[in-house]
Amino acid sequence: MNTTPTEAKAPPYNRSRQAREAETLLDRIEDDFPDNPEAMRYFYALFRRVYCQGEPVKHQGTLVGTTCIHAPEELIYAFGATPVRLCNGSYHYDQIGADFMPAKSCPLVKATLGSLHAKAAVPNTAALDLIVNPTTCDQKTKASAMMEAMGYQVHDLELPPAKESEEARLYWQRAVRRLALRLRELTGRKLTRKNLRQAMARTARAQAAFRTLHQLRKTAPALFLGKDAFLVTNAYFFDDLDRWTNAVEKLNTELLQRQQAGFQAAQKRAPRILFTGSPPIFPNLKLPLLIEEAGGVVVADETCSANRMLYDMTAVDEWLLNDMVDGLADRYLKPCTCPIFTRNDDRQRRLLQLAADFNVDGVVYQAFAGCQVYEMEYRSIADILAAQGIPMLYVETDYSPDDMGQLSTRIEAFLESIKTRKRNK
Amino acid sequence: MSYFAGIDIGSTAIKAAVVDQAGQLIGTRIAPTGSSFHRNAMETFEALLAQHGIIRDEVKFIIATGYGRKLFKEADDSISEITANAIGASEAGRVFGGVRTIINIGGQDSKAIQIDANGNVNNFAMNDKCAAGTGRFLDVAARNLEIDLEELGDYHFGGDGAPLTINSTCAVFAESEIIGLLANGHGKEEIVAGIHYSIARRTVRLAKRVGIEDRVYFDGGPALNKGLVAALQDELGRELVIPEQPQTTTAFGAAVLARSQYLSE
Amino acid sequence: MTSIRDAINGIDLRRFRFWLQLFFFVLLVYGGYLAINLGQYLPTFSCGFNNEGRGGVCYLLPLQHQLAMSWGTLFGWAGLMVLQGFLFFSLWFFVLNKGWCGYVCPLGTIQDWITGLRQRLGVRYSRYTEGQFRRLSLIKYLLLALMFLIPLGIGGALLPHDMGTPFCDICPGRMIIPMFTGDFSQLTIDFSTKTTMVMTALGMLVTGLFLAGAFFKKRFFCFFCPMSALHYLLSKPALLKLKKDGNKCTRCGDCYRVCDMEIREIADDVKEPRIMQDDCILCLKCVAHCPEQGALKAAFAGITVFESTERGFIKRMTKGHIDEHNTH
Amino acid sequence: MTRTPLPLLMLLLCTSPDSFAAPPLWWSETMPHAEHGSSRHSHGGPVEIRRGIYHKNLWLRNGEGPADAQYLDSAVAGKVLLKDVKGAVKELAGGNIHGSYGVNFAMPDEGYYNLYLVNESVTDGMRQFNIAKSEVLKHSCREGHDHVKPLMTPRRLDTIPLEIVRERMPAENFHTSLGFGDTITFLLLYQGAPLPGAEITLHTAHGWRNSTKTDAGGRASFMLIRDYYPPWHEFERRHRQDYVVNAVHVVQQAGTTGEDSYTATRYLATLNGSYYPSSRDYRSYAYGLLVGIFALTATGVGVYLYRRRRQRRFHEVRFDDKH
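Residue numbers (the working numbering), protein chains in the order written: chain A, 222 to 646; chain B, 11 to 275; chain C, 2 to 329; chain D, 3 to 325.
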């Protein structure tokens, strides 16, 4: 598998399948909805450049790919390297991945590996110097070997399967310290207090911006739509950190103005949806788009392509390397609500709290066919939500567009039932 | 006199229904979807009106439902077949004393819906993009066994001995399995029964996901199949409520909704 | 009103605490020179051996004194006096609850200064492993028990009289706090009798331990402090309270990692709203380091005085990112 | 102070005119017989506490110094006066306490109580005044310390012809106890006025004595010597020793009291007190520091090793192979 199908007289990128896939989606996102925020133009343009024109991702220093939110990017920045999140949402790469992966495996992993396999992938991964692969779910764990087989440098970031115990915490802290060593070898630079502190300052600023955006989504009726929010957080995967932060801050100011102006991006009656489960990753925004095309609005989410990736912040008591690195380690383990961990009561509590804070009418639970952990947690989540009288729609799907019609039926039915529910209230 | 219509554009058949001001069902009509279903839908609709001597203008409000609903531009509004089905069922179910659970087996999907007393959807489940356990599955089987869809019911009871178990849930694999069984000299009767039971099992599993409450209303084309009904009742362990025109429940529901929407505006 | 609240919640707790602690330190260690006397029932280590400087006396000194009275007197007329003393002590305590440890206690302040020194030297701090922690946190109750039993034993003439105030003998405060007023006379071993010899030697050992321990471990001594144990027994009805809203908690563990006393419950317990544990010194660092709106709060007589807020957290952290010298 | 060498001193004493006069009377707070068990020790000597009120016992003794003075079994003629903290003077009746003559009085208030015995007699034309004074401190820390500061200053009773007053040492408070090496100063008052040039003598517990004459201001100072040498393990920090000061003043003036007449009056005043080993005798900074430093280094090393162990991977978990 060292020669790839796309290498054979590959068409100019912008004519390629994945480019068209992205293009159609972006058209839908931009044109099907009347009042997109001005500040979103930056993101639309960014995605068009990167996904449709195939513009390579800008980066200083070595480029380090990460395959999960557990990779502490502050460390990577501190070593003067640039992290890029490799998780991929393209059906096209999903198909390529299917060539050498079991058909029943998770489309996200398939697409990710597929994109790594197809060298001309987006975001441009040809220049990867190292892939940090946290051992989260089985499929990602097993991916390490495959990625190595493709000729990539891979570092297994060992993540404990449980996060409650103190042992797990220490184990993880060790793993993170080991990553720091590996990065030192890779970059030949030294980790200093100043570097790390600056790196952490940058991400903290980005997170602060995200949190503001997050809080703005509490306003009802919604100030802007979930598809845009997902686009913003998806840009975080590969965009330049500071540029991204500035763009988000611009968006925030605009949304604040909208708030003061009493602007409504959705009707009063529009069901407010909390999105959870498998992450919508560009260009696979199928489900959020269907929801909002059907008149719902995604006001909050609990997915690793948005909230889970950016929400929780690092606290440091003493600004010494030891404390900072351990602090980072904690931030990437303790609050994480990923279902791979043995217990999921944190996730349940988080969902309930989000539902309460954003006065959510219903929850849409996306599970990628082949992502067992989400499929298995679905019941427990359904139960606690039912106990709170919050309706939930469980959707098992993948990247293929063929079930769109069927999905739209279900989503519309779901939204209709919510509407009647609200009317009867 | 003003009327209200509902048009259900399904994957295999187009169903149209008309109700009068009182919400009484005037009539229904069914036609195959075919390739250009927009034209067929229009024709079916007009044929229905003609049949009952209703002028187009008398139809005040039309609601489309089913997969084709978005593309049926003549409709004043569209609604998902699940909601429509729920309304239709709860309306039609009144004569049976009200229903709370609906099982619908359509051309390419099967649904289980749980509704409250007013016909609002509480919860529903749907097969995940796979024709297994749907009407299409029956078509395939019938074709392999070289019998008409309508005859399947009679075959179901014709057999002596236990029904075979059809293991493969996928319509495509089932095809080859059936051929294999025929080759092994099994009677069509037991095979048909087997098929019915395999569908029934899947459907019941679906129904259990939404929770089964008192009367279970069974509609959709396959509801005409006595054998399947028997199998389902077996698996469910309770009586099923079946309307005399199972296919048109959804269209009827759409029509009822059209009426109420029109009156509320 | 809200702006004031925001200002409070956005406060730089580190600096605020430093100055407040300094104030109380001066008050209790040098207050005597300013003719300040808060009496002898203070629920904090305002050492009585600091003759000239003290602005009040640590209750443990008179308590042990009183308990050492002959049983006849103690269980007779003097019993009331002891109770009265305890009452005053409790009244003092109820105001600040364990805030006495986190903000007032001179010995605690000294430890924080030593910690500051360590930070400047860039030496990392130690943490106990879970097992050690569980075992160690029992010691203070043992000390508390001894602190009651030994004087009683003396009162009953079961123990030699020169064991007078057993805890003070081994309390590092007795040796260290007077030094701040230039009185080094406590820094001795008393050869007058065998008991005093042993006790004072023990005291010196503990002082040495204290200094070394406090350097490597935040609030080293507070794990073993019998005063803290005594506090905890009274802490339920106190006015100042630490509250937690489990639903808002994301269990990110930020509070736990900044906690000087390594209290895990603060992060992991999402059921109990009254989250204060026996080791807690109510320094409120956990509240300051909690990014979740209203997940942790300090309430005085039911009125929220300091609450964890997203904005406050970000403000404090950004500050942490910026300024180079973070030791206060 | 100036210390006269002992031989010379003996000489002085021998040549003194009235060296063979009757031995002085003085109060002692030491029990006649040790076997009576020790009462509670408080600031300012042994006390008894009855229903929360401090009570003081003082026994009258007669003899030069603590070393060779007897207790009396019966009262002596004369008045026993007590001046309490408030300044009120009342007469006390002595009696038999633990087998010897003494007085017992309550001390409800904080501060100094002065007890006097004035005994007057005339023997072959010489009028003899024996004045025994004792200054007793009542203090309990429970009462606090601020309000009693003014009570430090010595108090006197001017109706007493010849009175010895112990002047306070610099920075003396209710907790101060005299110790070896401390210098104590006495003020001698005759009819309430300082009396210069009078002979004044200090007797310590073990028979050491030292005489001098009061200076122009009627003052005389002595340094308490260290005369307590037990084996180290028997050393008692609260080892209380009595001292007695007596002063003699003779007035060559004839007169009569009642029926008998005299040619001269001899005043003999005594004041008792107690002192303890000084803290310098039993405290050691050197050892203290040593132990402290040892502990410092020990823990330092301990922590270092502990961290070393922590750095070696997975050493938190220890298995017990014994079972």
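The beta-carbon is built from N, C-alpha and C at its ideal position, and this holds for glycine as well.
I'd like the list of long-range same chain contacts for residue i, defined as Cβ closer than 8 Å, with 5 residues on each side in sequence excluded.
i, result
"L203 of chain C", "D170, I171"
"L628 of chain A", "K507, L508, L511, V616, T618"
"V214 of chain B", "L242, E245, L246"
"Y207 of chain B", "P173, T175, I176, A241, D244, E245"
"E259 of chain A", "E475"
"R221 of chain D", "E169, T187, F188, L189, L190, P196"
"V69 of chain B", "S12, Y13, F14, A15, V28, L59"
"K272 of chain C", "G247"
Cβ atoms of residue j and residue i: under 9 Å apart, would you say?
i, j, result
"D244 of chain B", "G98 of chain B", "no"
"A348 of chain A", "P304 of chain A", "no"
"L407 of chain A", "T283 of chain A", "yes"
"R410 of chain A", "G301 of chain A", "yes"
"T288 of chain A", "I352 of chain A", "yes"
Is DSSP giving residue i helix, strand or coil here?
i, result
"Q124 of chain B", "strand"
"R310 of chain D", "helix"
"G97 of chain D", "strand"
"K249 of chain C", "helix"
"L159 of chain D", "coil"
"G190 of chain B", "helix"
"P63 of chain C", "helix"
"R168 of chain D", "strand"
"A486 of chain A", "coil"
"A77 of chain D", "coil"
"F445 of chain A", "coil"
"K92 of chain D", "strand"
"V584 of chain A", "strand"
"F134 of chain B", "strand"
"R225 of chain B", "coil"
"F458 of chain A", "coil"
Closer than 7 Å by C-beta to residue i: which residues in its own chain qualify, once you throw out the five before and the five after it? Chain order, please.
i, result
"D119 of chain B", "M136, N137, T144"
"G516 of chain A", "A491, L636"
"V469 of chain A", "A430, F431, L434, V453"
"S88 of chain B", "I73, A74, T75, R79, K80"
"K219 of chain C", "T116, Y126, D261"
"A102 of chain B", "P253, T259, F262"
Apart from the five residues just before and just after residue i, which ones in its own chain have a Cβ nearer than 6 Å to its Cβ?
i, result
"Y233 of chain C", "D279"
"T267 of chain D", "R129, V253"
"L75 of chain C", "G156"
"V124 of chain D", "D262, Y264"
Query raised in the report: Does the stretch 189-199 of chain C come close enough to the stretch 47-57 of chain C to have 3 or more Cβ pairs within less than 8 Å?
Result: no
Query raised in the report: Within the chosen definition, does the stretch 323-332 of chain A reach the stretch 355-366 of chain A through at least 3 CB pairs nearer than 8 Å?
Result: yes
Query raised in the report: With a cut-off of 8 Å, do at least 3 Cβ pairs link the stretch 220-227 of chain D to the stretch 165-183 of chain D?
Result: yes
Report task. Output the residue ranges of the beta strand (DSSP E) runs that lie fully inside the stretch 232-300 of chain A and measure 3 residues or longer, sorted by chain position. Result -> 284-287
Query raised in the report: Mind pulling the beta strand (DSSP E) runs of 3 or more residues that sit fully within the stretch 125-213 of chain C?
Result: none
Query raised in the report: Can you find at least 3 beta carbon pairs, one from the stretch 257-273 of chain B and one from the stretch 253-260 of chain C, that sit closer than 8 Å?
Result: no
Query raised in the report: Does the pairing of the stretch 196-215 of chain C with the stretch 87-99 of chain C give three or more beta-carbon distances under 8 Å?
Result: no
**Report entry** Those runs of the alpha helix (DSSP H) which lie wholly inside the stretch 63-132 of chain C and span at least 4 residues
**Finding:** 72-75, 78-97, 107-122
Report task. Please determine if the stretch 103-112 of chain D and the stretch 53-66 of chain D are in contact, where contact requires at least 3 C-beta pairs separated by less than 8 Å. Result -> yes
Query raised in the report: For the stretch 191-233 of chain D, which segments carrying the beta strand (DSSP E) assignment without a break, of at least 3 residues, lie completely within its bounds, in sequence order?
Result: 201-205, 211-215, 221-225
Query raised in the report: Taking one C-beta from the stretch 478-487 of chain A and one from the stretch 600-607 of chain A each time, how about it: are there three or more such pairs within less than 8 Å?
Result: no
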